[in-house]
Amino acid sequence: MFRRLAKIAIAIGILAACAPPGGLLVSDSAEPVGGNLFIETTLDGDQFLVLDGEISARTAYTFLSVVEQADVEGLVIAQSPGGDLLAAHQIGREISKREINTIVLVNCISACVDVFIAGDIREMMDIAELGLHSATDRDFAYEIDRKYWGDLGFSKVNDLAYQVPNDKLWIISAKRARELRLATNVVPTDG
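Heads up: the sequence shown begins at 432 in this note's numbering, then just goes up one per residue.
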């Protein structure tokens with residue numbers, strides 16, 4: 432099933448590479464469900480959940496509502512600059528609990544990475560990038576992040592991220608994310 436999601440993601444990923452920066456990467460027919468979450472439907476009638484944009488408390492609320500009402504196998508992350516750390520942790524804990532798969536098409540920055548790493552299978556398109564840095568409020572967020580990332584088995588990566596000032600980004604290619612075990616697989620855009 433996730434292989435089918437990856438093939439769909441490849442098609443969206445190719446289109447996304449041509450999209451303007453900051454623009455939405457979902458199709459015109461995607462159904463917005465709130466909080467920058469969308470439901471995409473393929474020509475075959477298959478549906479999948481897409482995160483395209485900033486993560487907020489509304490994103491967490493909507494995500495939790497959707498997974499309570501439907502069997503969500505995977506979350507496609509088209510692009511996200513991050514957002515609310517606690518909302519990302521709420522989403523991530525639910526992803527981990529339900530063993531939901533995640534895939535990044537273009538980029539997943541800051542708190543978005545907290546969502547991505549919670550996936551059971553964590554795939555990235557070969558053109559995709561992750562971006563990490565320390566939180567704005569280091570003293571408050573570090574202990575929260577440290578526990579969250581530690582619970583998921585990524586303490587060392589979190590410690591490295593907190594060495595990066597919050598106004599800078601540590602850009603991690605898909606290949607490097609695989610080496611760090613953040614991604615379980617890299618999907619080639621050429622199919």
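Note that the Cβ used here is the ideal one computed from N, Cα and C, for glycine as well.
Extent of the continuous alpha helix (DSSP H) run through residue i
i             : result
glutamine 521 : 516-529
glutamine 500 : 488-500
aspartate 590 : 586-592
alanine 559   : Per DSSP, alanine 559 belongs to no alpha helix (DSSP H) and is neither H nor E.
valine 546    : 542-547
lysine 606    : 605-610
Whole-angstrom distance between residue j and residue i, CA atom to CA atom
i              : j             : result
valine 617     : alanine 509   : 15 Å
isoleucine 603 : serine 460    : 31 Å
arginine 607   : alanine 488   : 30 Å
glycine 476    : valine 537    : 24 Å
serine 496     : alanine 542   : 20 Å
aspartate 576  : glutamate 504 : 25 Å
Beta-carbon proximity check, residue i vs residue j, cutoff 7 Å
i              : j              : result
serine 565     : asparagine 589 : no
valine 546     : valine 507     : no
isoleucine 540 : glycine 523    : no
threonine 620  : methionine 556 : yes
alanine 572    : leucine 611    : no
Span of the beta strand (DSSP E) around residue i
i             : result
valine 595    : From DSSP, valine 595 is part of no beta strand (DSSP E); its letter is neither H nor E.
valine 481    : 478-483
glutamate 504 : First-last for glutamate 504: undefined, no H or E at that position.
valine 618    : 616-618
threonine 409 : The displayed coordinates of the chain run from 432 to 622. Any statement about residue 409 would go beyond what the structure contains.
proline 463   : 462-465
Whole-number beta carbon distance between residue j and residue i, since they are thought to touch under 8 Å
i                 : j              : result
phenylalanine 549 : leucine 591    : Reading off the sequence, residue 549 comes out as alanine, not phenylalanine. Actually they do not touch by this definition, with Cβ atoms about 18 Å apart.
valine 457        : threonine 493  : Incorrect: roughly 15 Å between the Cβ atoms, too far for contact.
glutamate 554     : threonine 615  : 7 Å
alanine 518       : isoleucine 558 : That belief does not hold up - the Cβ atoms of alanine 518 and isoleucine 558 are roughly 27 Å apart, past 8 Å.
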